[in-house]
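The sequence shown: position 459 = 507 (my numbering), numbered continuously. The structure under discussion appears below in the form of structure tokens.
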Amino acid sequence: MKFLHGLGVLVIFLGGAQGLQAHWIEEEDYQQMKRQMAAHKDAAPKAAEPFLKFPESVLVDWDDHYLYVGSDGMPAHPMMVGITAWQQQVPLPQSYYGKNAWSIPLHPVPAAEGMSAKTNFFRGAIAVAANGIPIFNPIKNDGKTDTFLAGELDEYGGHAGRADDYHYHVAPWQLAERLGPSLPLAYALDGYPIYGLSEPDGSPVTGLDSFHGHTNVTGEYHYHASKSYPYINGGFHGQVSVQGGAVDPQPNATPVREATAPLPGARITGFEMSADKKKYQLEYVQNGKKGVVNYEILSGGGVDFTFKNPDGTTSESSGKQGRKGGGGSRPPPQDGNQRPGGPPMEANGQPRKPWIENHLTEMDGNQDGKLSQEEMMAEVNKTFTGYDADRNGQISQDEANGPGVRSAMAGFVKQHFTEVDKDGSGSISLEELKALAMKMWEKYSQGEGSGSSRRPPPQSR
Ligand SMILES: [Zn+2]
Ligand SMILES: [Zn+2]
Numbered sequence: 049m050k051f052l053h054g055l056g057v058l059v060i061f062l063g064g065a066q067g068l069q070a071h072w073i074e075e076e077d078y079q080q081m082k083r084q085m086a087a088h089k090d091a092a093p094k095a096a097e098p099f100l101k102f103p104e105s106v107l108v109d110w111d112d113h114y115l116y117v118g119s120d121g122m123p124a125h126p127m128m129v130g131i132t133a134w135q136q137q138v139p140l141p142q143s144y145y146g147k148n149a150w151s152i153p154l155h156p157v158p159a160a161e162g163m164s165a166k167t168n169f170f171r172g173a174i175a176v177a178a179n180g181i182p183i184f185n186p187i188k189n190d191g192k193t194d195t196f197l198a199g200e201l202d203e204y205g206g207h208a209g210r211a212d213d214y215h216y217h218v219a220p221w222q223l224a225e226r227l228g229p230s231l232p233l234a235y236a237l238d239g240y241p242i243y244g245l246s247e248p249d250g251s252p253v254t255g256l257d258s259f260h261g262h263t264n265v266t267g268e269y270h271y272h273a274s275k276s277y278p279y280i281n282g283g284f285h286g287q288v289s290v291q292g293g294a295v296d297p298q299p300n301a302t303p304v305r306e307a308t309a310p311l312p313g314a315r316i317t318g319f320e321m322s323a324d325k326k327k328y329q330l331e332y333v334q335n336g337k338k339g340v341v342n343y344e345i346l347s348g349g350g351v352d353f354t355f356k357n358p359d360g361t362t363s364e365s366s367g368k369q370g371r372k373g374g375g376g377s378r379p380p381p382q383d384g385n386q387r388p389g390g391p392p393m394e395a396n397g398q399p400r401k402p403w404i405e406n407h408l409t410e411m412d413g414n415q416d417g418k419l420s421q422e423e424m425m426a427e428v429n430k431t432f433t434g435y436d437a438d439r440n441g442q443i444s445q446d447e448a449n450g451p452g453v454r455s456a457m458a459g460f461v462k463q464h465f466t467e468v469d470k471d472g473s474g475s476i477s478l479e480e481l482k483a484l485a486m487k488m489w490e491k492y493s494q495g496e497g498s499g500s501s502r503r504p505p506p507q508s509r
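What follows is the structure, given as structure tokens:
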């Protein structure tokens with residue numbers, strides 16, 4: 049990948065209370081992050097699969113609760129060309145790394161009532177494409193304009209936002225070739241995947257809900273992208289936190305200048321970027337006359353702009369990173385078992401005798417002698433729905449001691465209630481049950497107590 053041949057990746061660190069300082073990560077450090085990812089990728093959660101197809105531009109890591117997707121926000125394809133409604137913003141690398149990486153819930157929880165993107169989420173991203181580029185609501189922040197129909201998007205469905213941050217507003221169809229039909233194009237920020245026009249197995253899509261998603265035969269929910277509205281997920285089936293009209297938390301882009309104004313009648317005709325992502329040239333035509341914007345990222349993190357305007361004049365401006373934004377939007381740790389940069393391998397609550405082994409035949413839906421993650425989750429969903437008699441999204445102690453449900457996991461929940469109730473709230477949420485089941489499944493699938501090992505044993509770190 050081209051940018052790895054450059055000096056490194058532009059990363060902004062929080063520079064204390066005063067604001068931000070720009071730094072460059074040494075090539076060596078970046079490569080170390082990459083090696084760390086490569087060493088553990090066999091144990092990566094399923095949600096990491098599409099992102100791992102773009103190792104040249106995406107760094108993933110994870111803990112028990114989230115997949116973290118790091119990128120500089122710059123796709124490998126040409127940007128901006130084809131835009132006919134331009135706000136004069138241009139793409140600049142962002143620092144979606146570390147604490148400012150994208151976080152995707154690994155154990156999505158259906159919301160009691162989903163939230164539509166027709167009336168919400170006009171700010172910020174609602175999904176992340178497999179190449180690490182955020183996807184915003186197709187409706188722009190005025191709440192009504194379809195960005196695609198309005199000519200605001202380039203040939204790849206993206207443009208640069210008010211912080212000169214590149215993002216898509218529609219599905220990243222160009223990624224489908226590398227991903228193949230079986231992997232999603234993107235993940236919505238509620239943790240559910242977004243597939244293309246057909247099912248992962250190639251069969252046609254039927255029965256979509258108002259968010260353009262549905263539940264498959266194994267009880268898993270996913271969305272489908274489309275060529276017209278909603279283009280991507282039309283809202284959130286799963287739980288998300290909302291703050292200021294945006295999904296929260298999510299990374300911040302770092303503006304270097306005040307947001308620019310629309311340039312009526314301009315059409316972007318060319319865009320070039322140097323291999324080290326430091327020098328850029330954007331060409332456009334307005335009223336038959338050509339305009340050019342050249343800009344360059346300086347070593348101190350500043351950006352110099354030179355505008356050759358269609359009227360023949362030239363102007364310059366320079367910006368500096370650190371006006372606002374940046375830093376620290378990872379979700380807070382939820383337990384003491386965080387292993388940033390590595391796979392979750394602890395198995396708190398794991399019974400001494402592997403419980404999965406004892407109940408394998410009951411849960412092995414396709415009877416192939418192995419318990420897939422899907423089969424495990426199907427069992428979780430069945431057990432949870434069966435116990436949650438009043439449908440309030442929690443299994444109370446009374447519900448667990450009640451008639452319950454006929455499932456392999458039912459007895460487990462009853463016997464291990466306090467262990468499953470990890471936050472000690474006195475009731476079990478679907479997330480808690482899923483989290484524990486996933487830990488048990490991870491351990492099982494790593495081959496402990498099983499003859500069906502598919503994965504190498506955990507590596508010492
Ligand atoms: Zn936008
Ligand atoms: Zn589907």
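Just so you know, even glycine gets a beta-carbon here, dropped at the ideal spot from N, CA and C.
- Indicate the three-state DSSP secondary structure (helix, strand or coil) for PRO98 in the structure shown. Helix at PRO98.
- Does the beta carbon of GLY209 fall short of 6 angstroms from some heavy atom of ligand 1? yes
- Message: Whole angstroms are fine: how far does the CA of SER363 sit from the CA of PRO248?
- Response: 51 angstroms
- Query: With contact counted as at least three CB pairs below 8 angstroms, one residue from each stretch, are the region 160–180 and the region 349–365 in contact?
  - Reply: no
- Query: Looking at the structure shown, is ASN396 part of a helix, part of a strand, or coil, going by DSSP?
  - Reply: Note that ASN396 has pLDDT 35, beneath the 50 cutoff, so the model's placement of it is unreliable and no number is given.
- Task: Consider the C-beta atom of VAL265 and the heavy atoms of ligand 2; say whether any pair is separated by less than 6 angstroms.
- Result: no
- With burial defined as no fewer than 16 other Cβ atoms inside 10 Å of the residue's Cβ, what is the status of ASP471: buried or exposed? The residue is exposed, with fewer than 16 neighbouring Cβ atoms inside 10 Å.
- Around the Cβ of SER246, are there at least 16 other Cβ atoms within 10 angstroms (buried) or fewer (exposed)? exposed
- Message: Once DSSP output is grouped into helix, strand and coil, what is the label at ALA198?
- Response: coil
- Task: Kindly provide the ranges of any alpha helix (DSSP H) runs that are 4 or more residues long and lie completely inside the region 224–289, ordered along the chain.
- Result: 224–227
- Message: What does the alpha-carbon distance come out to for the pair ASP416 and GLU427?
- Response: 16 angstroms
- Message: Can you tell me whether ALA301 is buried or exposed? The criterion is at least 16 other CB atoms within 10 Å of its CB, across all chains shown.
- Response: buried
- Query: Which residue from PRO252, ALA198, GLY118 and GLY434 puts its Cα closest to that of TRP134?
  - Reply: ALA198
- Message: For GLU18, list the residues DSSP reports as bridge partners.
- Response: Not covered by the structure: residue 18. The range shown for the chain is 49 to 509.
- Message: Can you tell me whether TRP134 is helix, strand or coil according to DSSP?
- Response: coil
- GLU200 to ASN179, Cα distance in whole Å? 21 angstroms
- So does PHE259 have its beta carbon nearer than 6 angstroms to some heavy atom of ligand 1? No, the beta carbon of PHE259 sits no closer than 6 angstroms to any heavy atom of ligand 1.
- Query: Which whole-angstrom value describes the C-beta separation of LYS368 and GLY339, a residue pair presumed to lie in contact below a C-beta threshold of 8 angstroms?
  - Reply: Between GLY339 and LYS368 the Cβ distance is about 24 angstroms, and since that is not below 8 angstroms, they are no contact.
- Can you tell me the Cβ-Cβ gap for TYR243 and PRO232, rounded? I've got them flagged as a contact below 8 angstroms. 5 angstroms
- Could you pull out every residue in the same chain whose Cβ sits closer than 6 angstroms to the Cβ of ARG305, ignoring the five residues on either side in sequence? GLY367
- Message: Could you compute how far the alpha carbon of ALA165 sits from the alpha carbon of GLY283?
- Response: C-alpha of ALA165 to C-alpha of GLY283: approximately 4 angstroms in a straight line.
- Message: Is it buried or exposed, GLY293, if we count other Cβ atoms within 10 angstroms and call 16 or more buried?
- Response: Counting the other CB atoms within 10 Å of its CB gives GLY293 a total below 16, which places it among the exposed residues.
- How would you call PRO141, buried or exposed, if buried means at least 16 neighbouring beta carbons within 10 angstroms? buried
- Message: Does the beta-carbon of GLU247, which I'm using as the reference point, lie nearer than 6 angstroms to any heavy atom of ligand 2?
- Response: yes
- Message: According to DSSP, is MET518 part of a helix, a strand, or is it coil?
- Response: Summary: the structure shown does not reach residue 518, with the chain confined to residues 49 through 509, and so no result is reported for it.
- So THR317 is in the beta strand (DSSP E); what residue range does that whole segment cover? 314–321
- Considering only residues of the same chain and omitting the five flanking positions on each side of ALA211, which have a CB-CB separation below 6 angstroms? Closer than 6 angstroms at Cβ, skipping near neighbours: ALA301 and PRO303.
- Query: Is the Cβ of ALA96 closer than 7 angstroms to any Cβ of chain D?
  - Reply: Annotation note: the requested chain D is absent from the structure, which comprises a single protein chain.
- Determine the direct distance from the alpha carbon of ASP446 to that of LYS401, and round the result to whole angstroms. Low per-residue confidence applies at LYS401: pLDDT is 46, beneath 50, and the placement is therefore not dependable enough to give any value.
- For GLN442 versus THR308, is the C-beta spacing smaller than 7 angstroms? no
- Message: Using a Cβ-based criterion (distance less than 6 angstroms to any ligand heavy atom), does PHE355 qualify as near ligand 1?
- Response: no
- Message: For PRO156 and GLN287, I'd like the C-alpha separation in whole angstroms.
- Response: 7 angstroms
- Item | Within 7 angstroms, strictly: CB atoms of LYS327 and GLU344 | yes
- One or two residues paired with THR362 in a DSSP bridge: Looking at the DSSP assignment, THR362 forms a beta bridge with LYS356.
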